[in-house]
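Remarks on the structure that follows.
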């Protein structure tokens, strides 16, 4: 049966049907905005990134997806264990104590992503799978049409008013047209992963068993770390992450990915305990040099979302989280322009800062933890300017605001170290590992909540209105603005160099 041919025009075109694209399409369709999705592959398809964060709940709720995800049978994730250094206790993040939403999920991405894309279709989005975007046509800096092709040889053109690039790793806008993607040398990692059955559940230092718990363990030689993600069907997703240079060295020494994988696992006592009696299933997969960021995430009538904008590292499960945030912001800013709440330039700037703030939050935290794992003394971060650190340590969440004109100047190393110290201390406190830093302890209580749609997380006085039928941007009130200025004053105190604050 020949699939239907895409129309020649649509209000909003979404490139890519992964979590970012399907979320944006769903939210737009639920606001009665015409939206078309072009997805290169046929779902279901395999993808890395199987552990989710609790802050996704409000976006899933807004999209009408939460109940579907809840009832699908995914393993519930109530927290995780992080052994950052061998010989020290594993830190424990307990969602039931530290977050508004008490759990998230661990998912097979093939199933999760198909669930989201099918839902977008049910909500009214037009979805065309196995349809690749070959070229984007522009009127000046504004994209206005794409040329597409299908595997059956069909070709065509679609014109649109708004474009959302959610094309993932391929990042058609950033890679081919904007040419503004930069790779993070700090996270120039190679990951090798696969699946096991019959693995044991994680057991903590007190002998308590935690079925379904995510665990991370640093390799004994400080060269990298492993993830262990329990999935449905008695399956354990298990991967080894090492720097590209280490991978090359091990490749020469061990020869094959399988032997590199086995060597990495041999350096992790916790993992070896999990695998007693377990059986490896299927084939190993490899992902190389997968950390990058674009200079800008938006422009005239276009938005970048998900992996098309940036990808950091799987350490804190940021991939799907940033994808849904990017999809939400893309849809909300398009709706806000249509409702006259903001002009297009302001909406594009909001999207860039909104996504970059979340990106920077994670990139600084991950860099701090890699400092612990690799025992490094300094790190250079791409996609972050000195100005980005103005809001690095507010009381509501440890995030850094973005800037639309990123030029990749090196940050002041003292500011980088101080930022990483606070975020690392904050994460250590969250993992119940005392640091003696009362500010970090205070802020750790909010680190896992994104405060999505919260007026106290406004950008330039605006925040996302999380309501079906009126999705868009709304102005902060006077009281909210006063609290915002109080937050900024607190930030300035921290960034002046005080390691602690006394009552």
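Numbering (the working numbering), first residue to last: 1090 to 1592.
A virtual CB, placed ideally from N, CA and C, is assigned to each residue, including glycine.
These figures come from a predicted structure and were not determined experimentally.
Do residue 1315 and residue 1357 come within 8 Å of each other at the CB atom, strictly closer than that value?
-> Counting from one through the chain shown, the residue named residue 1357 turns up at place 268. Counting from one through the chain shown, the residue named residue 1315 turns up at place 226. Yes, they are a contact pair.
How far does the alpha helix (DSSP H) with residue 1108 in it reach, from first residue to last?
-> Position 19 of the chain shown, counted from the first residue, corresponds to residue 1108. Here the alpha helix (DSSP H) through residue 1108 covers 1108 to 1118.
Buried or exposed (CB count within 10 angstroms, at least 16 for buried), residue 1544 | Locating residue 1544 in the chain shown gives position 455, where the first residue counts as 1. Note on residue 1544: 16 or more other CB atoms within 10 angstroms of its CB, so buried under the neighbour-count rule.
Exposure of residue 1305, with buried meaning 16 or more beta-carbon neighbours within 10 Å | As a first step, residue 1305 must be located in the chain shown, where it is residue number 216. Taking all protein chains in view, the Cβ of residue 1305 is crowded by 16 or more other Cβ atoms within 10 Å, so the residue is classified as buried.
Let me know the secondary structure DSSP gives residue 1374 once reduced to three states.
-> Here residue 1374 corresponds to residue number 285 of the chain shown, with the count starting at 1. Note: residue 1374 maps to strand in three-state DSSP.
State the Cα-Cα distance for the pair residue 1538 and residue 1263, rounded to the nearest angstrom.
-> Translated into the one-based positions of the chain shown, residue 1538 becomes position 449. Translated into the one-based positions of the chain shown, residue 1263 becomes position 174. At residue 1538, the pLDDT of 48 sits below 50, so the modelled position is not reliable and the matter cannot be decided from this model.
Residue from 1097, 1141, 1274, 1364 with nearest C-alpha to residue 1459 | Position 370 of the chain shown holds residue 1459. Considering only alpha carbons, the answer is 1274.
Is the beta carbon of residue 1157 less than 8 Å from the beta carbon of residue 1194?
-> Here residue 1157 is taken as the residue at index 68 of the chain shown, counted from 1. Here residue 1194 is taken as the residue at index 105 of the chain shown, counted from 1. The answer is no: Cβ separation not under 8 Å.
Close beta carbons around residue 1296, own chain, < 6 Å, minus the five adjacent residues each side = As a working note, residue 1296 is residue 207 in the chain shown. Closer than 6 Å at Cβ, skipping near neighbours: no residue.
For residue 1121, name the three-state secondary structure that DSSP assigns.
-> Against the chain shown, residue 1121 aligns to sequence position 32. Residue 1121 sits in coil when the DSSP states are folded into three classes, being neither helix nor strand.
Length of the line joining the Cα atoms of residue 1159 and residue 1343 | Sequence index remark: in the chain shown, residue 1159 carries index 70 (1-based). Sequence index remark: in the chain shown, residue 1343 carries index 254 (1-based). Roughly 43 Å between the two C-alpha positions.
Bridge partners - residue 1305, DSSP secondary structure assignment | Position 216 of the chain shown, counting from 1, holds the residue named residue 1305. DSSP output for residue 1305 lists 1171, 1316 as bridge partner(s).
Residue 1418 burial status per 10 Å Cβ neighbour count (16 or more: buried) | For the purposes of this step, residue 1418 is identified with residue 329 of the chain shown, where counting begins at 1. Its Cβ being crowded by 16 or more others within 10 Å, residue 1418 is buried.
Compute the Euclidean distance between the alpha carbons of residue 1428 and residue 1230, then round it to the nearest angstrom.
-> Translated into the one-based positions of the chain shown, residue 1428 becomes position 339. Translated into the one-based positions of the chain shown, residue 1230 becomes position 141. Residue 1428 and residue 1230: Cα-Cα distance of roughly 23 Å.
Rounded to a whole number of angstroms, what is the C-alpha to C-alpha distance between residue 1111 and residue 1176?
-> The residue you call residue 1111 lines up with position 22 of the chain shown. The residue you call residue 1176 lines up with position 87 of the chain shown. Answer to the nearest angstrom: the Cα atoms are 43 Å apart.
Rounded C-alpha distance that separates residue 1551 from residue 1151 | On the chain shown, position 462 is the one that residue 1551 refers to. On the chain shown, position 62 is the one that residue 1151 refers to. Going from the Cα of residue 1551 to the Cα of residue 1151 covers about 19 Å.
Mind checking residue 1095: buried by the 16 CB within 10 Å criterion, or exposed?
-> Against the chain shown, residue 1095 aligns to sequence position 6. With 16 or more other Cβ atoms within 10 Å, it is buried.
Could you tell me the distance, in whole angstroms, from the CA atom of residue 1191 to the CA atom of residue 1317?
-> As a position in the chain shown, residue 1191 is number 102, starting the count at 1. As a position in the chain shown, residue 1317 is number 228, starting the count at 1. About 20 Å.
Residue ranges of each beta strand (DSSP E) run of no fewer than 3 residues wholly in the stretch 1230 to 1296, ordered along the chain?
-> Taking only runs of at least 3 residues, the beta strand (DSSP E) segments lying wholly in the stretch 1230 to 1296 are 1231 to 1239, 1244 to 1254, 1270 to 1272, 1278 to 1286.
Below 8 Å, can you find three or more Cβ-Cβ pairs linking the stretch 1108 to 1124 to the stretch 1383 to 1390?
-> Too few Cβ pairs lie closer than 8 Å, so no.
Which ranges does the alpha helix (DSSP H) cover as unbroken runs of at least 4 residues, wholly within the stretch 1383 to 1410, from first to last along the chain?
-> Listed in chain order, there is nothing to give.
Near residue 1215, what residues of its chain come up, given a Cβ to Cβ distance below 6 Å and the 5 sequence neighbours on each side ignored?
-> Counting from 1 along the chain shown, the entry for residue 1215 is found at position 126. Excluding sequence neighbours, residue 1215 sits near 1125.
Selected residue, minimal CA-CA separation from residue 1072, among 1354, 1362, 1361, 1407 = This structure leaves residue 1072 out entirely; the chain is present only between 1090 and 1592.
Which partner residues does residue 1132 have in the DSSP bridge list?
-> Counting from 1 along the chain shown, the entry for residue 1132 is found at position 43. BP columns for residue 1132 are empty, so no partner.
Please work out which residues of its chain come closer than 7 Å, Cβ to Cβ, to residue 1288, disregarding the five sequence neighbours upstream and downstream, and give them in chain order.
-> On the chain shown, residue 1288 is found 199 positions in, with the first residue counted as 1. The beta carbon of residue 1288 sits closer than 7 Å to those of 1325, 1363, 1364, 1367, all from its chain and outside the five residues before and after it, given in chain order.
Contact under 8 Å by Cβ, residue 1422 with residue 1440 | Start at 1 with the first residue of the chain shown, and residue 1422 comes out as number 333. Start at 1 with the first residue of the chain shown, and residue 1440 comes out as number 351. The answer is yes: Cβ separation under 8 Å.
Exposed or buried, which one is residue 1348 when buried takes at least 16 other CB atoms within 10 Å?
-> As a working note, residue 1348 is residue 259 in the chain shown. Residue 1348 should be labelled exposed.
Compute the distance between the beta-carbons of residue 1603 and residue 1420, then report whether it is under 8 Å.
-> The structure shown does not extend to residue 1603, since the chain spans only 1090 to 1592, so no value can be given for it.
Is residue 1542 closer than 8 Å to residue 1108 when the C-beta atoms are compared?
-> As a working note, residue 1108 is residue 19 in the chain shown. As a working note, residue 1542 is residue 453 in the chain shown. No. Outside cutoff.
Reducing DSSP to helix, strand and coil, say where residue 1453 ends up.
-> Your numbering for residue 1453 matches position 364 in the chain shown. Note: residue 1453 maps to helix in three-state DSSP.
Could you check what DSSP says for residue 1166 in three-state terms: helix, strand or coil?
-> Here residue 1166 is taken as the residue at index 77 of the chain shown, counted from 1. Collapsing the DSSP output to three states places residue 1166 in a strand.
Reducing DSSP to helix, strand and coil, say where residue 1552 ends up.
-> By one-based count along the chain shown, residue 1552 stands at place 463. Strand, per DSSP.
Whose C-alpha, out of 1328, 1563, 1104, 1332, is nearest the C-alpha of residue 1426?
-> In the chain shown, counting from the first residue as 1, residue 1426 sits at position 337. Of 1328, 1563, 1104, 1332, the smallest CA-CA separation from residue 1426 is found for 1563.
Helix, strand or coil: how does DSSP classify residue 1345 here?
-> Taking the chain shown and counting its residues from 1, one reaches residue 1345 at position 256. If DSSP states are grouped into helix, strand and coil, residue 1345 belongs with coil.
Could you tell me which residues DSSP puts in a beta bridge with residue 1443?
-> Translated into positions along the chain shown, residue 1443 becomes position 354. BP columns for residue 1443 are empty, so no partner.
Tell me residue 1221's beta-bridge partners as DSSP assigns them.
-> Working through the chain shown from its first residue, we reach residue 1221 at position 132. DSSP lists 1238 as the beta-bridge partner residues of residue 1221.
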